[in-house]
Structures are given as structure tokens and as C-alpha cells.
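Colleague: If you count by my numbering, then the sequence shown holds residues -17 to 383, one letter each, in order. The beta carbon of each residue, even a glycine, is placed where N, CA and C say it ideally should be. One structure is given below, represented as C-alpha cells, and several questions about it will come after.
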Amino acid sequence: MNRFQQLSSIFVLAMAAAMVHAQPGASLQAQRQAALSLEQQGRAAEAEMAWKVILKHYPSDPEPMAHLGLLLARQGRYKEAIPYYRKALAIKSNVPGLRLDLALALFKAGDLKAAALQFQILLKAAPANSAEAQRYTILLGMSCYGQADYTKAALYLQRAVDRDATSLPMLYALAQSYLWSRQFSKVLDVYHQILVINPDSAEADMIAGEALDEMKDNEGATKMFRAAVKADPKQPDAHFGLGYLLWTQKQYPEAASEFQAELANNDAHEQARLYLADCYVQLNRYPEALPLLEHVVKTDPLLGLGHLDLGILYSDAGRNSEALRELLLAEKQIPNDVNVHWRLGRLYRTLGKKEEAMAEFDKASHLNQKADHDLYEKIAHGQTHPPNGEAPPATAPSSQH
């Protein structure tokens, strides 16, 4: 801003303030025009000052509050804008666009629950099948998605897709919502819709692969992840997803190759490093596994499988005190893993601690019996999918050493 502009804006504000005391009716109009002019010129700081002058003298007028909220929102200051929008709305609830401005500010400020309430009010008032109704439906769906309420998110996003199935981002969000709300057959329906628009969508292949994996269709899931890798070898987590599926099927050499490919794309992918190390452990390639595992447990101490594998390697090398430390850490992170207790039992027996060894073997036996009982119950209720059986969950798989 040059010197002339500074003097001009000071003059405008001074004149507007002075007119308040002279002609109340005329001064409001003059001040409005001055504030609007500054706003239109993009002089946000001066416009903000002008509207604050008006608000000071006309505190029951919603217009300056609405404009102050708008100016702040345009600067990305959403949390500061929200109180102005709320006050304006409390004075006059039917100002055109005001509730939407509040809802968007709440959404962008991360208060998704409050935003969803405002979008619901807007959707209820919007004409059915209108462009406005479609916009509010999408925003309401994304508000629920951001709150991890995926069942509701899927409900609203499906309505939006039913009206317009051409938006890939919306279809991806709908597919993820169905996946995370465990509506797996519907994930595959959306997957086919995505393929109509983008037949080479690696992201869609991955989502479908995850759904098939949850449905215990190992062959189908592996096929989808292979397609994802082929479509885009740089797609984040594509190689990891394929590697993990191969790992659950005990195809360790090929799984290791996929984990290596994931690390080539993203060297900070600690899960890929962990499962690569575990593949090496399963293949008895201990010298290659050791530095990977030591890196993993240092970077992320909560990865129980890393402590378990490190305990196995230390035990094999006769480093018993270090092995005990790692296995006890593993027990804290994955207490229901049979292998942890079995390995602890063996180590305690090596150390001559017979009572501790028996206690760990008893725990391992109990966990095995429980697993057998759960499997029997599932077979009795027709919930298993032989011959593949159940793969461990992707979030916290257990290692079978």
C-alpha cells in the first residue's frame, strides 16, 4: 500500500466515524459504502476496521458481523470468523448465504460435527433434487467421513453418487466409506463404477483388494493388488498391500520383493521394513533381518512383531538378556500372540527359570485352545471360508514362527 492509499483509508474511516454522531441514518449508509468499497478493492485490513466501526455503533445489525466473518474466512482465519457468523445468524437467521458461510468455516476449521449440523439444516431447507441439495449432501457426507462415521458418510455419498456418478474423488470416498464400515459387497459395486471412468485406477484396485481380503477371498484380493501395482508401481501402499497378502499366504520370497519395492518408493515405510525383516526371519536369513529390526524398534517401539522377531534373533545368538527384554516388550504389545509366550517359555527354560517357563507355556496352550474353540464356533455357524482360512487383520497381524 502506498502513502496515498494509507492517507485515503485513514480519511475514509475518520469521515465514517465522524458521521455517526451527525446523521445516524445517513452515516450508516455512508459507512457501508466505504466498507464495501474497501472490501471490493481487496484491502482486507482496512475493510475489517471499517466494519468494526459500524459494528461498534450498530451492534444489533447482522451485516457488519457477517462481513467481518467473511473477511476473516477469506484470510483462512476460520476460527476467528465463526463467532461473527454465529452472532449474525442469532440476530437474523435468514440472511442469504450466511448459514452456508458458517458451515464452511466450521468445516475448514476442522469442527466437522458442528459443520454437519449446519449442513443438515441447509439440506432440509433446499429444494429436492436441486444443485444446492446435491452440494449439501456431498458436504454432509464428507463431514461424516472426516469424523470417521463411515456408515453415515456412505449413506450421504451414495445419494450424491446416485445423482452424479462422474466424480472420481467422490466415488473413492464412497468406496472407502463402504470399506471402513465393512459393507464389502458395496465396495465392489463402487469399484466397477470407478472402472467405467478410469479403467487403470490403482487406487480402486487397492480398495477392491482390501474388500476381497476382508471377505477372505485371498485369490481375488491378490489379483486386485497385482493389478494396482501394474497400473501404478508408485502408488503408495500398493506394493505393501500385495506383499502383506503374500505374507499371510506364507509366500515369503515374493512378499519380500514387494516390501523392498515399497521401501524403494518410501524409505520411511516402517511397516514394510518390519514385514521385510519378518520374511527374512521366516527364510532363516537372520543377518539381513537384524539391522532392519533394530531400526524398526528404535523408530516405532510399539510394533510388537519387531520386538518378537528381535527376541528370536537374540535368542538364537545366545544374547539371552537382550532376548528377554525384547520378548517382554513384545508381550506388552501383542499379549495374545501364542508365539510370544512360546518363545518366552523356551527362553525361561534356557535360563533355568522353570516356574516362569511353565507359566508361559500354559498361556500359549490356553491361547491355542481358545483359537481352536473360535474356529469350531465359526465352522458351526458357517462363517469360515476353507481352504484358505482366516488371514490375520491388516492392522495387527500375528507372526507364525
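#1: Below 8 Å CB to CB, which residues in the same chain sit around VAL342 once its five sequence neighbours on both sides are set aside?
#2: Which same chain residues, not among the five before or five after LEU228, have their C-beta less than 6 Å away from its C-beta?
#3: Which residue wins for smallest C-alpha separation from PHE101, given the options LEU86, GLY92, LEU170?
#4: Between which two residues does the alpha helix (DSSP H) carrying ALA299 extend?
#5: Taking the C-alpha atoms as reference points, what is the distance between TYR132 and PRO269?
#6: GLN22: buried (16+ other C-beta within 10 angstroms of its C-beta) or exposed?
#7: As a quick exercise: from CYS126, TYR127, VAL172, pick the residue whose alpha carbon is nearest that of THR148.
#8: Buried or exposed: which applies to GLY389, given that a residue is buried once 16 or more other Cβ atoms fall within 10 Å of its Cβ?
#9: Apart from the five residues on each side of it in sequence, which residues of its chain come closer than 8 Å, Cβ to Cβ, to PRO369?
#10: Could you check how far apart the C-beta atoms of ASP291 and LEU275 are, in whole angstroms? I think they sit under 8 Å.
#11: Within the segment 213 to 256, note down every full beta strand (DSSP E) run reaching 3 residues or more, in order along the chain.
#12: State the start and end residues of the unbroken alpha helix (DSSP H) segment that holds GLY446.
#13: Under DSSP, the alpha helix (DSSP H) around ILE179 begins and ends at which residues?
#14: Decide if the segment 106 to 118 is in contact with the segment 148 to 161; the criterion is three or more beta carbon pairs, one per stretch, under 8 Å apart.
#15: Please tell me whether LEU53 and ALA16 are closer than 8 Å, where the distance is taken between their beta carbons.
#16: Measuring straight from C-alpha to C-alpha, what distance separates TYR66 and MET47?
#17: Can you tell which of ARG81, ALA110, PRO109 has the C-alpha that lies nearest to the C-alpha of ALA98?
#18: Taking its Cβ as the centre, do 16 or more other Cβ atoms sit within 10 Å of SER112, making it buried, or is it exposed?
Modeller: According to the data block:
#1: Indexing the sequence shown from 1 puts residue 342 at position 360. Note that residue 342 is Glu in the sequence shown, not Val. So the qualifying residues of the chain are HIS323, TRP324, LEU326, GLY327, TYR330.
#2: Working through the sequence shown from its first residue, we reach residue 228 at position 246. The answer, listed in chain order, is GLU236, ALA237.
#3: Here residue 101 refers to the residue found at position 119 of the sequence shown. Comparing alpha carbon positions, the residue from LEU86, GLY92, LEU170 closest to PHE101 is LEU86.
#4: Here residue 299 corresponds to residue number 317 of the sequence shown, with the count starting at 1. Element bounds for ALA299: n/a, residue is neither H nor E.
#5: By 1-based counting over the sequence shown, the position of residue 132 is 150. By 1-based counting over the sequence shown, the position of residue 269 is 287. The straight-line gap from Cα to Cα measures roughly 44 Å.
#6: For this step, residue 22 is matched to residue 40 along the sequence shown. An exposed status is given to GLN22, since fewer than 16 other beta-carbon atoms sit within 10 Å of its beta-carbon.
#7: For the purposes of this step, residue 148 is identified with residue 166 of the sequence shown, where counting begins at 1. Checked all of CYS126, TYR127, VAL172; the closest Cα to THR148 is VAL172.
#8: Shown here, the chain extends from -17 to 383; a query on residue 389 therefore has no answer.
#9: Residue mapping note: residue 369 aligns to position 387 of the sequence shown, counting from 1. The pLDDT assigned to PRO369 is 33, lower than 50, so where the model puts this residue is not dependable; a value taken from the coordinates is nonetheless given after this. Hits under 8 Å: none found.
#10: As a working note, residue 291 is residue 309 in the sequence shown. As a working note, residue 275 is residue 293 in the sequence shown. With a Cβ gap of about 5 Å, ASP291 and LEU275 count as contacting.
#11: Listed in chain order, there is nothing to give.
#12: A question about residue 446 goes unanswered here, because the residues of the chain that appear run from -17 up to 383.
#13: Translated into the one-based positions of the sequence shown, residue 179 becomes position 197. Membership of ILE179 in the alpha helix (DSSP H) is indicated by the continuous run 166 to 179.
#14: No contact exists between the segment 106 to 118 and the segment 148 to 161.
#15: As a first step, residue 53 must be located in the sequence shown, where it is residue number 71. As a first step, residue 16 must be located in the sequence shown, where it is residue number 34. No, these two residues do not count as a Cβ contact at 8 Å.
#16: Locating residue 66 in the sequence shown gives position 84, counting from the first residue. Locating residue 47 in the sequence shown gives position 65, counting from the first residue. Cα to Cα, TYR66 sits roughly 5 Å from MET47.
#17: Numbered from 1 along the sequence shown, position 116 holds the residue referred to as residue 98. Of the listed residues, the one whose Cα sits closest to ALA98 is ARG81.
#18: Along the sequence shown, read from residue 1 onward, the residue named residue 112 stands at position 130. The residue in question, SER112, is exposed, as its Cβ has fewer than 16 Cβ neighbours within 10 Å.
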